[in-house]
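Asker:
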Amino acid sequence: MVEAVGPRVKLGVLEEFLNLARANSLWPMTFGLACCAIEMMATVAARFDLARFGAEVMRPSPRQCDFMIVSGTITKKIAPVVRTLYEQMASPKWVVAYGNCAISGGPFVFEGQYNVIEGVDKVIPVDVYVPGCPPRPEALLEALLKLQEKLTGVRRFPGPERRW
Amino acid sequence: MVAEGLLRDLDAIGCVVEEVPYERKGYWFDVKAQKEKLPELAGAFDQHGYFVEEVVCVDWREELELLYHFNHWDDPRRFSVRTRVKATDPEVPSIWNIYPGAGWHEREIHEFFGVKFKGHPNLSYLFLHPDIDFYPLRKDFVPVTEEDKRVLLGRFPEGDEESFWLNMGPQHPSTHGVLRLLLKMKGEFIEDMEPVLGYMHRMQEKMAEERSYSQYYPNTARMDYVAPLAFSLCYVLALERCCGIEVPERAQFIRLIAMELNRIASHLLWLGTYLLDLGAATPYFFAFDDREQILDILEGLTGSRLTYCYYRIGGVYEDLNEGFLEAVDRFIQRMKRRLKDYDELVTGNAIFLGRTKGIGVIPKEVARRYGVTGPNLRASGVAFDIRVCEPYDGYRFLKPKVALREEGDSFARYLVRLDEIRASLSLLEEAISKVPEGPYRVEKLPKRPPVGDVFFATEGARGEVGVYIVSDGSDKPYRLKWRSPSFSNFVSFTEIGKGMLIADAVATLGSLDLVVPEMDR
Amino acid sequence: MRLWLKRLYRLYFQSDPFKAGLCLLAALTGVSILLGLAWLLGKALWDLGISAWGVDFLRLVLGALWVLLVLFGNALLLVWVERKVAGHMQWRIGPKEVGPFGLLQSIADAVKLMGKELVSPRYVDKPLYLLAPFLIFMPCVVVLLVIPFDPHLQIRDINVGIVLILAFSSLTSIAVFMAGWGSVNKYSLLGGMRSISQQIAYEIPMVLSIVPVVMLSGSLSLKGIVEAQKVPYLLLQPVAFFIYLISAVAEVNRTPFDLPEAESELVAGYHIEYSGMRFAMFFLAEYTNLFIVSALLTTFFLAGYKGPWLPGWAWFFIKTYLVVFVIMWFRWTFPRVRFDQLLNFSWKFLIPLAMLNLVVTGGVLKL
Chain A
840 MVEAVGPRVK
850 LGVLEEFLNL
860 ARANSLWPMT
870 FGLACCAIEM
880 MATVAARFDL
890 ARFGAEVMRP
900 SPRQCDFMIV
910 SGTITKKIAP
920 VVRTLYEQMA
930 SPKWVVAYGN
940 CAISGGPFVF
950 EGQYNVIEGV
960 DKVIPVDVYV
970 PGCPPRPEAL
980 LEALLKLQEK
990 LTGVRRFPGP
1000 ERRW
Chain B
10 MVAEGLLRDL
20 DAIGCVVEEV
30 PYERKGYWFD
40 VKAQKEKLPE
50 LAGAFDQHGY
60 FVEEVVCVDW
70 REELELLYHF
80 NHWDDPRRFS
90 VRTRVKATDP
100 EVPSIWNIYP
110 GAGWHEREIH
120 EFFGVKFKGH
130 PNLSYLFLHP
140 DIDFYPLRKD
150 FVPVTEEDKR
160 VLLGRFPEGD
170 EESFWLNMGP
180 QHPSTHGVLR
190 LLLKMKGEFI
200 EDMEPVLGYM
210 HRMQEKMAEE
220 RSYSQYYPNT
230 ARMDYVAPLA
240 FSLCYVLALE
250 RCCGIEVPER
260 AQFIRLIAME
270 LNRIASHLLW
280 LGTYLLDLGA
290 ATPYFFAFDD
300 REQILDILEG
310 LTGSRLTYCY
320 YRIGGVYEDL
330 NEGFLEAVDR
340 FIQRMKRRLK
350 DYDELVTGNA
360 IFLGRTKGIG
370 VIPKEVARRY
380 GVTGPNLRAS
390 GVAFDIRVCE
400 PYDGYRFLKP
410 KVALREEGDS
420 FARYLVRLDE
430 IRASLSLLEE
440 AISKVPEGPY
450 RVEKLPKRPP
460 VGDVFFATEG
470 ARGEVGVYIV
480 SDGSDKPYRL
490 KWRSPSFSNF
500 VSFTEIGKGM
510 LIADAVATLG
520 SLDLVVPEMD
530 R
Chain C
215 MRLWLKRLYR
225 LYFQSDPFKA
235 GLCLLAALTG
245 VSILLGLAWL
255 LGKALWDLGI
265 SAWGVDFLRL
275 VLGALWVLLV
285 LFGNALLLVW
295 VERKVAGHMQ
305 WRIGPKEVGP
315 FGLLQSIADA
325 VKLMGKELVS
335 PRYVDKPLYL
345 LAPFLIFMPC
355 VVVLLVIPFD
365 PHLQIRDINV
375 GIVLILAFSS
385 LTSIAVFMAG
395 WGSVNKYSLL
405 GGMRSISQQI
415 AYEIPMVLSI
425 VPVVMLSGSL
435 SLKGIVEAQK
445 VPYLLLQPVA
455 FFIYLISAVA
465 EVNRTPFDLP
475 EAESELVAGY
485 HIEYSGMRFA
495 MFFLAEYTNL
505 FIVSALLTTF
515 FLAGYKGPWL
525 PGWAWFFIKT
535 YLVVFVIMWF
545 RWTFPRVRFD
555 QLLNFSWKFL
565 IPLAMLNLVV
575 TGGVLKL
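Protein chains in written order, with our numbering: chain A, 840 to 1003; chain B, 10 to 530; chain C, 215 to 581.
(1) Please tell me whether D323 (chain C) has its Cβ less than 9 Å away from any Cβ of chain A.
(2) Quick one: using the 10 Å Cβ neighbour count with 16 as the cut-off for buried, is P549 (chain C) buried or exposed?
(3) Using only the alpha-carbon positions, how far apart do R422 (chain B) and G490 (chain C) sit?
(4) At a Cβ cut of 7 Å, what residues of the segment 128-151 of chain B count as close to chain A, listed as they run along the chain?
(5) Counting contacts by CB-CB distance shorter than 9 Å, is N358 (chain B) in contact with chain C?
(6) Does DSSP put F563 (chain C) in a helix, a strand or coil?
(7) Tell me the rounded alpha-carbon separation between S183 (chain B) and F382 (chain C).
(8) Is the CB of K562 (chain C) under 9 Å away from at least one CB in chain B?
(9) By the criterion of Cβ-Cβ separation under 9 Å, what are the contact partners of N228 (chain B) in chain A?
(10) Measuring CB to CB, does L521 (chain B) end up less than 9 Å from N954 (chain A)?
(11) In the structure shown, what three-state DSSP assignment does D352 (chain B) receive?
(12) Check distances from the C-beta atoms of the segment 908-936 of chain A to those of chain B and list, in chain order, the residues that come in under 8 Å.
(13) Between A247 (chain B) and the rest of its own chain, which residues show a CB-CB distance below 7 Å, the 5 nearest in sequence each way excluded?
(14) Just the C-alpha distance for Y222 (chain B) and V29 (chain B), rounded to the nearest angstrom, thanks.
(15) In the DSSP assignment, find the unbroken beta strand (DSSP E) run with K127 (chain B) in it and report its ends.
(16) Can you tell me which of the three DSSP states Y1 (chain B) falls into?
(17) Taking the continuous alpha helix (DSSP H) assigned at L859 (chain A), which residues delimit it?
(18) According to the Cβ coordinates, are L434 (chain B) and M528 (chain B) closer than 9 Å?
(19) Can you pull the chain B neighbours of R550 (chain C), defined as C-beta to C-beta under 7 Å?
(20) Am I right that N399 (chain C) and I486 (chain C) are in contact with their C-beta atoms under 8 Å? What's the rounded C-beta distance?
(21) Which residues in chain B have a C-beta closer than 8 Å to the C-beta of G951 (chain A)? List them in chain order.
(22) Please tell me whether E249 (chain B) and I322 (chain B) are closer than 9 Å, where the distance is taken between their beta carbons.
(23) Determine the direct distance from the alpha carbon of I379 (chain C) to that of S229 (chain C), and round the result to whole angstroms.
(24) Going along the chain, which residues of the segment 301-326 of chain C sit with their C-beta nearer than 7 Å to a C-beta in chain F?
(25) Name the residues in the segment 379-411 of chain C whose C-beta lies less than 7 Å from a C-beta of chain B; which are they?
(26) Helix, strand or coil: how does DSSP classify T914 (chain A) here?
(27) Which residue or residues does DSSP assign as beta-bridge partners of M344 (chain B)?
(28) For W105 (chain B), is the classification buried or exposed, using 16 other Cβ atoms within 10 angstroms of its Cβ as the cut-off for buried?
(29) Under the assumption that R450 (chain B) contacts G324 (chain B) (Cβ atoms under 8 Å), give the Cβ distance between them as a whole number of angstroms.
(30) Around the C-beta of L570 (chain C), are 16 or more other C-beta atoms found within 10 angstroms, so that it is buried, or is it exposed?
(31) Under 8 Å: does the beta carbon of F363 (chain C) sit that close to some heavy atom of the ligand NAD?
(32) Which value, in whole angstroms, describes the spacing of the CA atoms of R552 (chain C) and A432 (chain B)?
(33) Compute the Euclidean distance between the alpha carbons of E100 (chain B) and F496 (chain B), then round it to the nearest angstrom.
(34) Establish whether the CB of E878 (chain A) and some CB of chain B are separated by less than 9 Å.
(35) Which same chain residues, not among the five before or five after R259 (chain B), have their C-beta less than 7 Å away from its C-beta?
(36) Since I believe V841 (chain A) is in contact with K961 (chain A) (beta carbons under 8 Å), could you give me their beta-carbon distance rounded to a whole number of angstroms?
Shown next as structure tokens:
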């Protein structure tokens, strides 16, 4: 597991206000690798509009986006690329591991496997995990809301209370 | 017919040709050859106008067996050419100068099995990571030798005075997936290119040897995630052919309806992403909205939106749900109206025409030498469609109309895909009125498939999807090889891409409709 | 929103209303002291008798403030408008959650960009890389000083206003190339080179389409052109209108001519290596340029601030934003042209057409 380094300068109340602004304008980077990329594209499309929450501008350049949606299997060849892209992103940055393959290798883990890295959190620190193969677009919306909750501490569309 | 002339030539060369039952094997003629005669054989096939579908290697422990599958557009009777080499010193003459497409397959076999191809110009790493120090698809652990490692790490891109290497990297917004192209650029023109694949290599073929036939089935949907039912259908039909299972008619019709819906969904996704590549953002949203309608229908039928596990060996998992046929009917009427909208918005647009007319022409000869199939081939003037040439499953009852264009440029490929959507819609209309009653699944299935090999080809959304299964009587496949249409389509781009502008390269790559995981397997 | 404000309040003041009240009192006192000082300064200046010069100076300062207000307000507004327009054209609604109808979305974006890390790669050409965002922004401010928003609201009416505008608009291409060259990156270099050739190629038709307007109105100052339009020049010079519209879209690097930042080919083109506030400057400059170009189109061809009933500035803004809407419409309808097609279109079609228009206009005026 790769752990993230915390911020070195704390700004107090201003941080709260900044986090509020950041949560409402999270710009994703499309790092679509495999099947989950299609569900990510469907989330941006007209039906499950991701732009409602401010996450519309999908910048292809890593320096201009806020969070990275890793959707798809991480193989040995693509792992250094993922690492490079993560380091090129400007702080503050977050990562969403979308789909079973990004969480733990997914359905491609078998004995004697030689190419799949079991989970993207062995390469970069992850903030939100979304299980599914592939997860529905609503799950990506939920992941965005969870990320906003992580930033601001307030859950936007609260669901019914959990009993467990 | 063409095959007779070829058979005479093969006799002259001196190979043993045997006719095999197509219903059990999937090919018509089995040719056993000595490895030295391969270039002569390939020359004979080339003269008669055959193309290479795929090149397969099977590891029989002491020996390695190479199979070349040849097929012809006008006389679609498949030839399977076999040769065996010793496992300790596997060296075979290469046929890349006659069939460049086969040269790419040979490159793949070299890094997975260690077979050396004499005369091949570039046997460097294509799919695998340099850290993997063994030949993965061999049954026993065979490490890579020193000299082979040097060959594998061979080609190194270097620039010179007037050109520079541009990396169209694995992360690229032209949402093809993780494809990397090293382009040698002179200004804005491409002089040379070097593809690097394998970023999505998920060991599908190795995994098949570790899983039983039913356990492996969900993997088939993840090969090509845009039209997964094509790969599922191919796998299931191959096993049915191998065991001789007779599928009830209702199941065949249901499979056909689901497959055609999936084909329309795949073409719509292609349309949206292709126009996004070219700069128009709005048709993407319209296409995805139409695709959501199809996904709703298929979700009601199968339970999943993207990776379906619906077909089973001997039929389908569940019968049609209530309201399915009416929903398909409503969708057909709506889609016909929407196609008019697309024509107005896109097809007549002068800027779109300027970007795609005359760009990326694939001549027939290039298509033949590289094994291009699917809408790309039909846009170049060749009416080759597996659903019509080798009917299988429900296509024995309903014949689709084959869309054909002559020019072979990107605009022709766009028109062919729109025509295919129309053809699928009329096929669906016919099918939903003719679905017979009856069982949807075969009740008794044999426990294991018999010993032997089988090949099956279906028409996926991108081209000819093929699977070659070697079974040794146990419940796991001995060798499973996928014939991926995107791989053969992509390698033709390495020839037609030279001398293009980079903007044209993007437009052409988009029009070839590539899906990377089925290339990388 | 109320929830968040409550949390902020609770966190800072620890639910102590007395402390909150004290802070508010302190703030009010501070502001009133400042206002008092300002009044005293004004009274002193008046008494010293430099009144005329003082009034002029005050007008200039207020004018500069007005320009900055228009600039930033316009950018914030256009960010929201673009997203909503794009959304509705694409069968979806744009930003909806952030404030009513998503109106606070631009503010959230701006604050977020201010809080981003300014990543400077080690290998960039520092002077060029750091100066480019400011340089792309500076000409916009100068051009806005001469645009007539209203008969009485033009900061400076220079009698060669058009020459000033054309001169300063060309400076943006230098800034784009500085950005492209300075971020040592093959993609941004390609973007920068494309941008320079595109802007040079499309400046000529732009100038050639303005000359008939100048000939018809007989003056080079913008106010003079607006005053001379008894009938909007759109009706007298339709060809020039279309040529100017197309060249304007090309000058601002908007689709269908947005090759320098072609997303699917060049991965964000010339501003790949910029992050945070520097990227926000490029963003801001694009929308400001859009506004400027639409304002000029209104001034030259749509009779600027003239119109019945409503005050001048209302008509001006209505017409300008109508043009902005049309240009946004272009973006979401057309694909991108290829680079050589773009240059061919300009050199081989637009320039001869503009010259023909010029000759015909000259001939008609002579007669």
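Built from N, CA and C at the ideal position, the CB exists for glycine as well.
Answerer: Short version:
(1) If you number the third sequence from 1, residue 323 (chain C) lands on position 109. It does; some Cβ of chain A falls within 9 Å.
(2) Taking the first residue of the third sequence as position 1, residue 549 (chain C) is located at position 335. Result: buried.
(3) Translated into positions along the second sequence, residue 422 (chain B) becomes position 413. Translated into positions along the third sequence, residue 490 (chain C) becomes position 276. About 42 Å.
(4) H138, D140, I141 and P145
(5) For this step, residue 358 (chain B) is matched to residue 349 along the second sequence. Answer yes: the Cβ-Cβ gap between N358 (chain B) and chain C drops below 9 Å somewhere.
(6) Position 349 of the third sequence, counted from the first residue, corresponds to residue 563 (chain C). Note: F563 (chain C) maps to helix in three-state DSSP.
(7) Counting from 1 along the second sequence, the entry for residue 183 (chain B) is found at position 174. Counting from 1 along the third sequence, the entry for residue 382 (chain C) is found at position 168. Summary for S183 (chain B): the model assigns pLDDT 49, below 50, so the residue's position carries little reliability; its value from the coordinates is reported in the next sentence. Taking the straight line from one Cα to the other gives about 36 Å.
(8) In the third sequence, counting from the first residue as 1, residue 562 (chain C) sits at position 348. Under the Cβ criterion of 9 Å, K562 (chain C) is not counted among the residues facing chain B.
(9) Position 219 of the second sequence, counting from 1, holds the residue named residue 228 (chain B). Chain A residues near N228 (chain B): P946 and F947.
(10) Within the second sequence, residue 521 (chain B) is the residue found at index 512, counting from 1. Within the first sequence, residue 954 (chain A) is the residue found at index 115, counting from 1. Not in contact: L521 (chain B) and N954 (chain A) (Cβ atoms no closer than 9 Å).
(11) Sequence index remark: in the second sequence, residue 352 (chain B) carries index 343 (1-based). D352 (chain B): helix per DSSP, three-state reduction.
(12) G911, T912, T914, K915, K916, I917, V920 and L924
(13) Residue mapping note: residue 247 (chain B) aligns to position 238 of the second sequence, counting from 1. Here the set comprises V463, F465, V476 and I478.
(14) Here residue 222 (chain B) refers to the residue found at position 213 when the second sequence is read from its first residue. Here residue 29 (chain B) refers to the residue found at position 20 when the second sequence is read from its first residue. Rounded to the nearest angstrom, the two C-alpha atoms are 25 Å apart.
(15) Here the question's residue 127 (chain B) lines up with position 118 in the second sequence. It spans K125 to K127 - the beta strand (DSSP E) in which K127 (chain B) sits, taken as one unbroken run.
(16) There is simply no residue 1 (chain B) to check, as chain B begins at 10 and stops at 530 in what is shown.
(17) Residue numbering aside, residue 859 (chain A) sits at position 20 when the first sequence is read from its first letter. L859 (chain A) -> alpha helix (DSSP H) spans V852 to A862.
(18) Stepping through the second sequence from its first residue, residue 434 (chain B) is reached at position 425. Stepping through the second sequence from its first residue, residue 528 (chain B) is reached at position 519. Going by C-beta atoms, L434 (chain B) is not nearer than 9 Å to M528 (chain B).
(19) As a first step, residue 550 (chain C) must be located in the third sequence, where it is residue number 336. In chain order: L287 and G288.
(20) Against the third sequence, residue 399 (chain C) aligns to sequence position 185. Against the third sequence, residue 486 (chain C) aligns to sequence position 272. Their Cβ separation, rounded to whole angstroms, is 6 Å, which keeps N399 (chain C) and I486 (chain C) in contact under 8 Å.
(21) In the first sequence, the residue the question calls residue 951 (chain A) occupies position 112. Per Cβ cutoff of 8 Å: K215 and E219.
(22) Locating residue 249 (chain B) in the second sequence gives position 240, where the first residue counts as 1. Locating residue 322 (chain B) in the second sequence gives position 313, where the first residue counts as 1. Yes, they are a contact pair.
(23) Within the third sequence, numbered from 1, the residue matching residue 229 (chain C) stands at position 15. Within the third sequence, numbered from 1, the residue matching residue 379 (chain C) stands at position 165. Any reading at S229 (chain C) must be qualified, since the residue scores a pLDDT of 43, below 50, and its modelled position is unreliable; the value itself is stated next. The straight-line gap separating the alpha-carbon atoms of S229 (chain C) and I379 (chain C) is approximately 55 Å.
(24) Any reference to chain F falls outside this structure, whose protein chains are A, B and C.
(25) K400
(26) The residue given as residue 914 (chain A) occupies position 75 in the first sequence. Note: T914 (chain A) maps to strand in three-state DSSP.
(27) Within the second sequence, numbered from 1, the residue matching residue 344 (chain B) stands at position 335. Listed as beta-bridge partners of M344 (chain B) by DSSP are no residues whatsoever.
(28) If you number the second sequence from 1, residue 105 (chain B) lands on position 96. With 16 or more Cβ atoms within 10 Å of its Cβ, W105 (chain B) is classed as buried.
(29) Here residue 450 (chain B) refers to the residue found at position 441 when the second sequence is read from its first residue. Here residue 324 (chain B) refers to the residue found at position 315 when the second sequence is read from its first residue. That pair is a contact at about 3 Å.
(30) Residue mapping note: residue 570 (chain C) aligns to position 356 of the third sequence, counting from 1. L570 (chain C) is exposed by the Cβ-count criterion.
(31) The ligand NAD is absent from the structure shown, which contains no ligands of any kind.
(32) Here residue 552 (chain C) refers to the residue found at position 338 of the third sequence. Here residue 432 (chain B) refers to the residue found at position 423 of the second sequence. In a straight line, the C-alpha of R552 (chain C) is about 32 Å away from that of A432 (chain B).
(33) The residue labelled residue 100 (chain B) in the question sits at position 91 within the second sequence. The residue labelled residue 496 (chain B) in the question sits at position 487 within the second sequence. Straight-line Cα distance between these residues: approximately 24 Å.
(34) Within the first sequence, residue 878 (chain A) is the residue found at index 39, counting from 1. By this cut-off, E878 (chain A) is an interface position.
(35) Taking the first residue of the second sequence as 1, we reach residue 259 (chain B) at position 250. Within the same chain, R259 (chain B) has close Cβ partners V444, P445, E446, G447, P448 and Y449.
(36) Taking the first residue of the first sequence as position 1, residue 961 (chain A) is located at position 122. Taking the first residue of the first sequence as position 1, residue 841 (chain A) is located at position 2. Yes, K961 (chain A) and V841 (chain A) are in contact; Cβ-Cβ is about 7 Å, under 8 Å.
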